[in-house]
Every structure is written in structure tokens, then in C-alpha cells.
Amino acid sequence: MTVSLSPDLVAGFPFPFPEDRYRYSTNVEPAGEPVVTAGGGWGAAVVDIDSEYRHELAERAAVLAADPTRHAVLPHMAPAAWDAMLTLMRALSAAYPDTMHLTSTGTDTWHWRNDLLDVEQTFRYGDSTTLPEEPLRYIASQVQEDIAVLDQRCDTLFVDAGVITFAADWSFGFDVGMSFLEIHGPVPRVRKMGVITRAHEFLKRLQPHKPYRRTNWTMTIGRRLDVSTEGYPEWGPDREMIGHVDDAEFGRLVHLRVEVQHLIRLPDSGALMFLIRTYMLPLEQLATVEAWRLRAAEVFDELPSDMADYKGVIKYKERAAAWLRAAAPEPGPGMPIWPTTPPAVDTTGAAFLVVGIGEDAQTGHVSRLWVGAAEAAGPTRLLVLDSLSEETDLAVLLDALDDARTGTRILVTGGQYDVMMALALAREAGATDAELSAFVTHTRDLPMYCAHCRDTFRVEAAPGSVVECPGCVRILEIHAHHSAVRGSFLASAAEVGSERS
Numbered sequence: 049m050t051v052s053l054s055p056d057l058v059a060g061f062p063f064p065f066p067e068d069r070y071r072y073s074t075n076v077e078p079a080g081e082p083v084v085t086a087g088g089g090w091g092a093a094v095v096d097i098d099s100e101y102r103h104e105l106a107e108r109a110a111v112l113a114a115d116p117t118r119h120a121v122l123p124h125m126a127p128a129a130w131d132a133m134l135t136l137m138r139a140l141s142a143a144y145p146d147t148m149h150l151t152s153t154g155t156d157t158w159h160w161r162n163d164l165l166d167v168e169q170t171f172r173y174g175d176s177t178t179l180p181e182e183p184l185r186y187i188a189s190q191v192q193e194d195i196a197v198l199d200q201r202c203d204t205l206f207v208d209a210g211v212i213t214f215a216a217d218w219s220f221g222f223d224v225g226m227s228f229l230e231i232h233g234p235v236p237r238v239r240k241m242g243v244i245t246r247a248h249e250f251l252k253r254l255q256p257h258k259p260y261r262r263t264n265w266t267m268t269i270g271r272r273l274d275v276s277t278e279g280y281p282e283w284g285p286d287r288e289m290i291g292h293v294d295d296a297e298f299g300r301l302v303h304l305r306v307e308v309q310h311l312i313r314l315p316d317s318g319a320l321m322f323l324i325r326t327y328m329l330p331l332e333q334l335a336t337v338e339a340w341r342l343r344a345a346e347v348f349d350e351l352p353s354d355m356a357d358y359k360g361v362i363k364y365k366e367r368a369a370a371w372l373r374a375a376a377p378e379p380g381p382g383m384p385i386w387p388t389t390p391p392a393v394d395t396t397g398a399a400f401l402v403v404g405i406g407e408d409a410q411t412g413h414v415s416r417l418w419v420g421a422a423e424a425a426g427p428t429r430l431l432v433l434d435s436l437s438e439e440t441d442l443a444v445l446l447d448a449l450d451d452a453r454t455g456t457r458i459l460v461t462g463g464q465y466d467v468m469m470a471l472a473l474a475r476e477a478g479a480t481d482a483e484l485s486a487f488v489t490h491t492r493d494l495p496m497y498c499a500h501c502r503d504t505f506r507v508e509a510a511p512g513s514v515v516e517c518p519g520c521v522r523i524l525e526i527h528a529h530h531s532a533v534r535g536s537f538l539a540s541a542a543e544v545g546s547e548r549s
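Residue numbers (the numbering used here): 49 to 549.
Structure (C-alpha cells):
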């Protein structure tokens, strides 16, 4: 039985890996710009409400009831707590105007209404008697994000307030009052690499009304949001348990856990607010998005041991990589079937054209393998190209195809986009299927034909993904329907329910 997740949790998942390896970095970017992913999109708002809203707020309330140390506001941070609450109310009303309402009713007086929770409150800014509880805790009961508020004094940032119920193996109760640099002291490599020092300097320069964001990730067992240090006796044994389950259970239980962290300079107090929103997706759901499956497998496999140990995944990160690789979907109708090993050279050819495209190490290996076999059989030409999305490389290939004569065997290797495009060009030049061989080194990208602007584009996605067309900017669904002649997959306008928010 698979994990049943609402579709919005997959479509809105902030997949964190822009490349096939991961290293610590500040990786900050301006907030508020939507991010299109192979599964959908995220990032349009500073605060995010999804189908887990009520469930996660109930979990936060339970954690706070059991452990009051997850909420702390040092006395000098009271003004910053009010500032944080009002800033979040403004963000909620801007992002969700149909359900969140903030209205000014006079000098320093406000009316707040949250239709999703049936909450309504009139309050005077700074007057604690006009709220049912401390302002930071009040607003934390209405957002899915954890909240940390940092004071800046003596040119140093200190974590002096917050509501943190979903910490990933750290203790907010222990860290309250510590400096930003002290808190991150145990993280491997970051001091030697200078990452934390650069991050500290960046944060001190943040200006009001110019928020930034970054992502961080780890893996957890099950859908447990609270994996704080205090709760280790409850969740720690899961790291041993997961080594003894079968593959089906492994894929259901192991989750990629991603934090989207928003960094906001509060306008009135000047304090710095960290919003930490946690998203989780089990491997079995992650594998349904082909581009995510392939990239996550590469990242987990390559992750250095000290980083894997710090993230608590060293005991099962290799199995996670292997599980994802084994979860490759069976090709269905309309999908190209690529060989799993490089096909042998047809030595009956009159001549040979070997085309290696891209910097992938496997591309070079396959090209050399083919050239060695072809040179023993007849005249052989090798083309090494960067990408067929480059006009110069495209022109070189077209010239080579124009020079080829009947009986030439054309062998192409590289990523899916380049291979599909090269084979289509070869067919257009007159090559028959018997004269063509191909080996695809990865399927992270593909050529997408937009049915609306009628052009072909390179996209990092898989059939079934929803993407933004680089040409007409429509939101498209890529269909499991490809044309060998055109060398592309068909894409058309996605259903309204598939569009990113």
C-alpha cells in the first residue's frame, strides 16, 4: 500500500538539488519569485498554506503543550515579536486574500480574521492585553512555518526569540540566547569553507522589504515533523529500524525533508526573522517525477561521509540511491525505449560517424568504445559537441550529416535531449533506422514541442511534468507521447488544477 498524499504536496514540493552533487553553500536568492520544477512549482509567497495546514498546526499545538521550551521570547525581544506577528499577518493577507484579512481600524489598532481557522481578533499593536497569548505564539498557531527571531547587537546576530516545533535534529530550547556563529559551530566543513561567516555577514546587511530565501535538506523516517534533539529517544531508533525493512516499506518510510528558509529584516524593530517551512516527500512519491528520481540518486550516492553523518543519513543514504535507481519506470506506449548498455557497432557499415554530446563522463567512455570498434572496420569520424541547443554545435552536426553517404553508420550518445534531436536530424538528412544507433547517458532533460507556440525547447523535466513554456510562457503538461521524426515530446496547456499557484 502506497502513501496517500494530496497532489498539491507533490506539485508544490521544493526539490532542493540544482545539480548532481551537494555541498554546503549560502544558496540565497531573492524571495517571492516562483520556481518551476519538474513536478510543478513553488515559491510565489513568503508564507505557504497547503493541504496539511490544519494537521500541522494541530501537531505544533501538541508539541508546545508537551514541551513549552519550544517557545521563547527573551524580555528585550517583545517589540520584535509584535513586529514579526504583524509582518506575517500582512504576508498572509497578501498571499491569500480570500481567506486571510488584516484591516487597520485606527492608530495602532488592527482587525485580523483567519477564515480557515475561524479566528477573529481586534488588537492594539504592542498592547499584550489585546491578544489571547504572546504575539509570536499567537501567529505561530496560524502558519505552518517555524519562526526564529534574531537580535543584532555588537555586530553579531543572536537567536533570542522563536517558536520552533519542527526542528531537524537541533534544540531550540538549548540554543536560545546563543549567537548565530555558535549555533552553527558543529556543522562539518562550514567554518573551513567560510560558509557560515559569509552567511552571517550577508544576514547583517539584509534590508526591510527585501526578503531572501534558501533551501536546506535532510532525510527522515516517516512523516514526523518534530525530529528535535529533545525527541531523539522517540525517533532515533528509526535509523536502525529502516535497515531491516523490505524495499517497498523502505520507499514508503524514507522521506526527503526540505526546509525553505525565508530571511526577513523586520521593518519596525530591525530584528531578523527566519521562517523555516518543512516539506516532506517519501521516496516512492519522489520517484514518480523522473528528473527528481535521477538527480536525488546521484546526490545521495555522491554525498561525502562526514556530511551524511551530520545529516544522520549515513546508514541508509546508499540504499536510498540504489532504491531510486531501481525505481526507473517501465517504458509505456508513446515512450522511447533506450538500451541499458551501449549497442555494438554494426561493422558492416561503409563508414562510421560517432557523435558524443555533452560533458558527461559516460558520454566520453561510450564514444571511445565505439570509435575503437569502428576504426577497425572502416573510415571513422568522431564529433565531440557540447550541446545541440548551441547553434555552432548544431551547424557542425548538420555539416557532418550532409557529408555522410549511404551505408554510413551513425552512432549518437549523450543526454536524452541531444540524442533525440541528433537522431531526428539524421533521419531528416536521409538516414534509415538501420543506420542509426544511440545510447542515452541520462534522461534529466528532453526536447519539448509546445503545441501552442509550435517550437521545440530543451527542458529539465520528464513526461507527466508541468512546466512553463520558455516561448509562450503557458503552463504546459508534457505528454508521454514522442515523435521520432520530430525528435521531441508533445506538450500542451495543463489543466487548471495543474497550474502552479
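Beta carbons are placed, not taken as given, at the ideal position from N, Cα and C, and that holds for glycine.
Under 9 Å, do residue i and residue j count as touching if we go by C-beta distance?
| i | j | result |
| --- | --- | --- |
| Ala345 | Leu311 | no |
| Phe63 | Arg343 | yes |
| Ala129 | Ala209 | yes |
| Arg453 | Ala398 | yes |
| Lys308 | Tyr327 | Checking the sequence, you will find Val at residue 308 rather than Lys. Against a cut-off of 9 Å, the Cβ pair of Tyr327 and Val308 comes out as a contact. |
| Phe228 | Ser276 | no |
| Phe338 | Thr491 | Sequence inspection shows Glu at residue 338; the Phe mentioned does not correspond to that position. Contact flag set, yes. |
| Asp286 | Lys252 | no |
| Asp166 | Asp146 | no |
| Ala59 | Gly89 | yes |
| Asp131 | Ser317 | yes |
| Thr213 | Arg325 | no |
| Ala86 | Val393 | no |
| Glu107 | Asp274 | yes |
What does the alpha-carbon distance come out to for the pair residue i and residue j?
| i | j | result |
| --- | --- | --- |
| Glu288 | Gln410 | 35 Å |
| Val419 | Gly404 | 11 Å |
| Ala472 | Gly426 | 25 Å |
| Leu184 | Ala139 | 15 Å |
| Phe487 | Thr461 | 5 Å |
| His500 | Leu433 | 30 Å |
| Gly545 | Glu525 | For Gly545, the predicted model reports a pLDDT of 43, less than 50, meaning its position is unreliable; a value from the coordinates is still stated below. Rounded to the nearest angstrom, the two C-alpha atoms are 11 Å apart. |
| Pro391 | Trp218 | 51 Å |
| Arg271 | Val361 | 16 Å |
| Asp294 | Glu332 | 13 Å |
| Arg548 | Arg457 | Low per-residue confidence applies at Arg548: pLDDT is 38, beneath 50, and the placement is therefore not dependable, though the value from the model is reported in the following sentence. Spanning the two alpha carbons is a distance of roughly 45 Å. |
| Leu57 | Asn264 | 18 Å |
| Val121 | Ile290 | 38 Å |
| Thr396 | Asp451 | 19 Å |
| His232 | Ile244 | 7 Å |
| Met49 | Glu297 | In this prediction, Met49 has a pLDDT of 42, which is less than 50 and means its spatial position is unreliable; nothing more can be read from the coordinates. |
| Glu508 | His257 | 32 Å |
| Phe65 | Pro116 | 35 Å |
| Arg246 | Thr388 | 44 Å |
| Pro78 | Val94 | 11 Å |
Identify the continuous beta strand (DSSP E) that holds residue i and give its terminal residues.
| i | result |
| --- | --- |
| Leu351 | It is not in any beta strand (DSSP E) - Leu351 carries neither H nor E in the DSSP assignment. |
| Tyr465 | Run containing Tyr465: none in the beta strand (DSSP E); it sits in the alpha helix (DSSP H), Gln464 to Glu476. |
| Pro495 | Leu494 to Cys498 |
| Val191 | It is not in any beta strand (DSSP E) - Val191 carries neither H nor E in the DSSP assignment. |
| Leu401 | Ala399 to Ile405 |
| Arg246 | From DSSP, Arg246 is part of no beta strand (DSSP E) but of the alpha helix (DSSP H) over Val243 to Lys252. |
| Thr268 | Tyr260 to Ile269 |
| Phe228 | That residue, Phe228, is in no beta strand (DSSP E); its alpha helix (DSSP H) goes Phe228 to Ile231. |
Relative to the alpha-carbon of residue i, which residue among the options has its alpha-carbon at the smallest distance?
| i | options | result |
| --- | --- | --- |
| Pro123 | Gln192, Ile526, Glu182 and Ala113 | Glu182 |
| Val207 | Ala79, Glu230 and Arg416 | Glu230 |
| Ala109 | Gly455, Ile187, Gln255 and His527 | Ile187 |
| Ser437 | Ala470, Ile290 and Gly412 | Ala470 |
| Tyr497 | Glu508, Val467, Ser536 and Ala510 | Ser536 |
| Met125 | Met355, Leu334 and Leu320 | Leu320 |
| Lys359 | Arg305, Pro377, His530 and Arg367 | Arg305 |
| Gly463 | Gly406, Thr440 and Leu205 | Gly406 |
| Ala477 | Ala448, Leu179 and Leu494 | Ala448 |
| Ala335 | Phe322, Ala368, His529 and Arg313 | Ala368 |
| Pro330 | Thr151, Val444, Met267 and Pro259 | Met267 |
| Glu350 | Glu67, Pro55, Asn75 and Ser54 | Glu67 |
| Gln192 | Met148, Gly80, Pro259 and Glu100 | Glu100 |
| Gly80 | Arg261, Asp98 and Met468 | Arg261 |
| Ala374 | Trp386, Phe348, Asp354 and Arg341 | Arg341 |
| Pro55 | Arg534, Cys520 and Ser513 | Ser513 |
Hey, quick one: how far does the alpha helix (DSSP H) through residue i stretch, first residue to last?
| i | result |
| --- | --- |
| Glu288 | Asp286 to Met289 |
| Val514 | Not the alpha helix (DSSP H): Val514 falls in the beta strand (DSSP E), residues Val514 to Glu516. |
| Ser152 | Unbroken run through Ser152 is the beta strand (DSSP E), Met148 to Gly154; no alpha helix (DSSP H). |
| Gln410 | Ala409 to Glu423 |
| Gly609 | Examination of residue 609 is not possible in this model, given that the chain is present from 49 through 549 alone. |
Ranges of the alpha helix (DSSP H) found wholly within the stretch 88-129, counting only runs of at least 4: 101-114
Threshold first: 3 residues or longer. Then list the beta strand (DSSP E) segments lying entirely within the stretch 293-371, N to C. 302-313 and 320-330
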